[in-house]
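Residue numbers (the working numbering): 5 to 279.
We put the CB at the ideal spot given by N, CA and C, even for glycine.
In this text the structure is predicted, and so the values were computed from the model without any measurement.
Encoded as structure tokens, the structure appears first; notes follow it.
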Amino acid sequence: MTPVLGEPPELTLWLVRPPPPDSAAASRLAAGELDAAEARRAELFVRPEDRVQYVSAHIALRRILAAATGYPPERLLLGREPGPPSARYTRRPVLRYPPAPVHFSLSHSHGLILIGTAAVVVGVDVQRTPTIETVELCGPTLHPAEWRELTGLPERLRPAAFARLWTRKEAYLKGLGTGLRRRPALDYLGDGTDADAPPGPPGWIVRDVLVGPRHAAAAALAVAAEPLITLRSLPVACLYDGAAGVPLSAARPLAWRRRGSWTLRWSLLERDPPG
């Protein structure tokens, strides 16, 4: 994962759809690979679909990191980056053991999981497109230039535009390690259509990610050069326990981005199920 001088940074994104909670696929998930804290957290979810989504996301993360480090998923030690106990921020999740130059970020929302891995600090976020009521409630908390851009759009376009903007902001704040403890109004991550819009965060590349018509997603990478981004679809069978599972090599590329534009291998819109 160590970058080579002169080569563009690389970001690998993994898209996962968790199985329905009452399905045979859900019963095959390798939940035994989670640590005690993850297992306790999973039990706190009231809705079965939320519990399966969380379990699927963390199995996927562990198996992706296992492939990157050569260690079994259940032996990986995850935690938070060091910092003073009094710090008023979330701190980034990190791989504590084994020591390996791999950074990661995870997000899930309403039936979709997104995981990012890179050799530098990364943040990812995925959100389902909100209602116009949510846009009107949360929009004023954005940077003033972002809010002016949104209100300048026809009302029918605002939910999707807000979702794209909000995922950029959350991906960046996850990369910083603050989460939403840092006020959303402090950083500009809009489309640059407002005349008074400031530049985006220095030293970061923040890009939208193509994930289908009902969700928006974004990734933030702590680099100045445009990265090579690969988006892969991770089949649920990659998360099964024992011999029933398939290797991560079954995760085929959906799309990739280089030199500022996306190339699709096949249409996500056609494969996105109703929901």
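Which of helix, strand or coil DSSP assigns to W266: strand
If you measure between the beta carbons of W18 and R236, is that distance less than 9 Å? yes
Can you check which of these residues, I233, Y75, G264, is closest to L258 by C-alpha distance? I233
Exposed or buried, which one is T73 when buried takes at least 16 other CB atoms within 10 Å? buried
Take R283 and list the residues in its own chain whose beta-carbon comes closer than 7 Å to its own, dropping the five residues that flank it on each side. Limits of the chain in this structure are 5 at one end and 279 at the other, which puts residue 283 out of reach.
Alpha helix (DSSP H) containing P1: first to last residue? The question about residue 1 has no answer, for the chain in this structure spans 5 to 279.
Could you check where the beta strand (DSSP E) with E223 kicks off and where it finishes? With the sequence shown as reference, residue 223 is identified as Ala, and Glu is not the correct amino acid for it. 219-225 is the extent of the beta strand (DSSP E) around A223.
Who are the near neighbours of R132 in its chain, counting only those whose CB is closer than 7 Å to its CB and skipping five residues on each side? S113, H114, R218, H219
In chain order, which alpha helix (DSSP H) runs of at least 4 residues are fully inside the region 24-64? 28-31, 40-47
What number of angstroms, rounded off, separates the C-alpha of A229 from the C-alpha of E11? 10 Å
Which of helix, strand or coil DSSP assigns to T135: coil
Helix, strand or coil for A300 per DSSP? Absent from the model: residue 300. The displayed extent of the chain is 5 to 279, so no value can be given.
Decide if P22 is buried, meaning its Cβ has at least 16 other Cβ atoms within 10 Å, or exposed. buried
With DSSP run on the structure shown, which of helix, strand or coil describes T121? strand
Which of the three DSSP states, helix, strand or coil, is assigned to T234? strand
Same chain, Cβ closer than 6 Å to W260, neighbours up to 5 away in sequence not counted: T234, T267
So, for L69: in the same chain, excluding its five sequence neighbours on each side, which residues have a beta-carbon less than 7 Å away from its beta-carbon? L80, L99, V106, F108
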